[in-house]
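Position 344 of the sequence shown, counted from 1, bears residue number 345 in our numbering, the numbering being contiguous throughout.
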Amino acid sequence: MLDDFEKELAYCAYCPKLCRHVCPVGNAERRESVIPQAKMAMGHMARNGTVSLTEDYASVFFYCNGCGLCTEFCEHDIPVSEVLFEARAEAVARGVQPKTLQNFADRFYARNERLVRKLHGLVDEHYFVEEAQVAYMPGCDLIDDSPDDVQKTLDLFAAAGVDYVSIMESDLVCGGYPLWAAGYQSEFRHVAEEQARRLSGYRKVILACPACVYTIRHVYPKFGVNVTAEVVHVSEFLDTIAHRLPVKQTVQAAYYHDPCYLGRWLGVYEPPRRLAGLVTRKVLEFAHNREQADCCGGGGLVPDVAPQTASAIAERRLEEPNQAGVGVVVTACATCVKNLGRAGRDMEVLDIVSLLHRSLE
Ligand code: SF4
Ligand code: SF4
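This is the structure we're talking about:
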C-alpha cells in the first residue's frame, strides 16, 4: 500500500529534484514528468487523493527501470523504484495500468509454460536429478534469449570438475520478478510461495538472473515468504570454482557492464570482474561503474511499456565503448545482454558465461 511509503513520497514530492540528472528514463525521454521526483510526486498526490489515478497519470509509475541509481544519489536513501513498484500495484488494483501490461499475469504463466518445455529441449535429461542438493536455475530471459548459455554454464561446471549441480526440476522457471515489477502483487505472492517451496528442497540454488536473485533474497521476505536454500548468482558460484577452470586469455579488451540488480542491489561487483579478468587481457571500466553504473534500460519492464526508451538508454550506455573503439562488452545478466545487444549493432555484447566458455582450453 502507498500508505506504507507516506514519508518517502513526501520527501520526494518536496525535494528540489536532486537526483534528476541520473535517471536513465528521464534522460532518454527528456520529459519532466518521468524524472524520479515527478514520478514520486504523482504517487504522493495519488496517496493523499489530490489526483484520482487515470491511465495517463498512472503511466509515469511504469517509466522506471528499477535501477536504483536515484537512491544511490539520494541523501535520504529513498527507495524510489520500490515505491514506484508499489504505485504500479495501486494502478493494477484500479485497472489503470498501461494497455501493454493488461492480462500480464496470464502472459507470464503462458511464457513460463513455454519456457519449461523449451528448457527440457535444450539440455539432456540426465541434468535433471531429483535428489540433487545443489541446483542451477537458468531463469526466463536466459532460456528465451540466450538459450545456448544454459549448456555453456553446465559445461563450465563440468570443466571445473563440479558434478553435483543438477538443473532445477520445476514447473516454474522464474522467481517472479516480472510480476512484482508489473504490480501484479497477488500473483507475485502466489509464485513466490510456490517457488519458495521448490527452492527449499535444495541446499543451494545457483541462478543466472540477478533480478530474481534479488527478488528471492530481499522481496520474498517482505511478502512473508522465506527460502531456506542458499540462493546465489552464477557469477558468485563460478568465482568460487574459477581456480579449477581450464581457460586462457582470448580477448584483448572488453568493457564490463554492471547489471543493476547484481551490482547496486546485491553488491556483487568483484566476482564477475575477476572471471572476466581470467580470459581478458584488459577489463575496462565504464566512467560510471559499480555503485554509479548506468542502467542498460532493460529492467522494470520498460522494454514492454516504452521499447524506444529502453533502446535509447542502451545506446547511451554503449556510447563509451563505441568511442573507445572497443568491440566487446561483457556483463552477467541475460536481460542486459538482450537490451544492450539490440542496440549494439557492431558491438559484441555477451554474458560472462559465454566469454568463459569460448576461452575453455
Ligand atoms: S530520491 Fe532523494 S534526491 Fe531523488 S527526488 Fe527523492 S528525495 Fe530527492
Ligand atoms: S530507479 Fe532508476 S529508472 Fe527508476 S526512477 Fe530511479 S533512476 Fe529512474
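Backbone N, C-alpha and C define an ideal beta-carbon position, used for all residues, glycine too.
Rounded to whole angstroms, how far is the Cβ of residue 260 from the Cβ of residue 315, which I believe are closer than 8 Å?
-> Not confirmed; about 13 Å, so no contact.
Considering only residues of the segment 200-261, which uninterrupted alpha helix (DSSP H) runs meet the minimum length of 4 residues and lie entirely inside it, listed in chain order?
-> 211-215, 235-242
By how many angstroms is the C-alpha of residue 319 removed from the C-alpha of residue 18?
-> 26 Å
So, is residue 237 buried or exposed, given that buried needs 16 or more other C-beta atoms within 10 angstroms?
-> buried
Quick one: residues in its chain with C-beta nearer than 6 Å to the C-beta of residue 64, no 5 flanking neighbours on either side, listed in chain order?
-> 26, 35
Taking C-alpha atoms, which residue in 55, 126, 135, 148 lies nearest to residue 98?
-> 55
Give the single residue among 241, 90, 127 whose Cα lies nearest to the Cα of residue 189.
-> 90
Own chain, CB closer than 8 Å to residue 290, minus 5 neighbours either side, in chain order = 257, 259
Three-state secondary structure assigned by DSSP to residue 331 | strand
Is there at least one non-hydrogen atom of ligand 2 closer than 6 Å to the beta-carbon of residue 82?
-> yes
Using three-state DSSP, classify residue 310 as helix, strand or coil.
-> helix
Residue span of the alpha helix (DSSP H) that contains residue 58, given as start and end | 56-59
Helix, strand or coil at residue 76 according to DSSP, with G and I counted as helix = coil
Where residue 72 falls, given that 16 or more other Cβ within 10 Å makes a residue buried | buried
Should the segment 160-177 be called in touch with the segment 134-143, which here means at least 3 C-beta pairs below 8 Å?
-> yes
Quick one: measure Cβ to Cβ for residue 109 and residue 182, integer angstroms, because I've assumed they're closer than 8 Å.
-> Actually they do not touch by this definition, with Cβ atoms about 11 Å apart.
Residue of 32, 200, 361, 218 minimising C-alpha distance to residue 131 | 200
Taking Cβ positions, are residue 344 and residue 29 nearer each other than 7 Å?
-> no
C-alpha distance - residue 267 paired with residue 293, whole-angstrom precision | 14 Å
With burial defined as no fewer than 16 other Cβ atoms inside 10 Å of the residue's Cβ, what is the status of residue 37: buried or exposed?
-> buried
For ligand 1, list every residue whose C-beta falls under 7 Å from any of its heavy atoms, going in chain order.
-> 12, 13, 16, 18, 19, 20, 37, 38, 41, 71, 72, 74, 75, 76, 77, 79, 81
Pairing CB atoms from the segment 346-359 with CB atoms from the segment 277-288, are three or more of them under 8 Å?
-> yes
Local conformation of residue 154 per DSSP, three classes | helix
Kindly examine ligand 2 and report whether one of its heavy atoms sits closer than 6 Å to the Cβ of residue 49.
-> no
CA-to-CA distance, residue 232 to residue 206, given in whole angstroms = 5 Å
Heavy atom of ligand 2 within 6 Å of residue 104 beta-carbon | no
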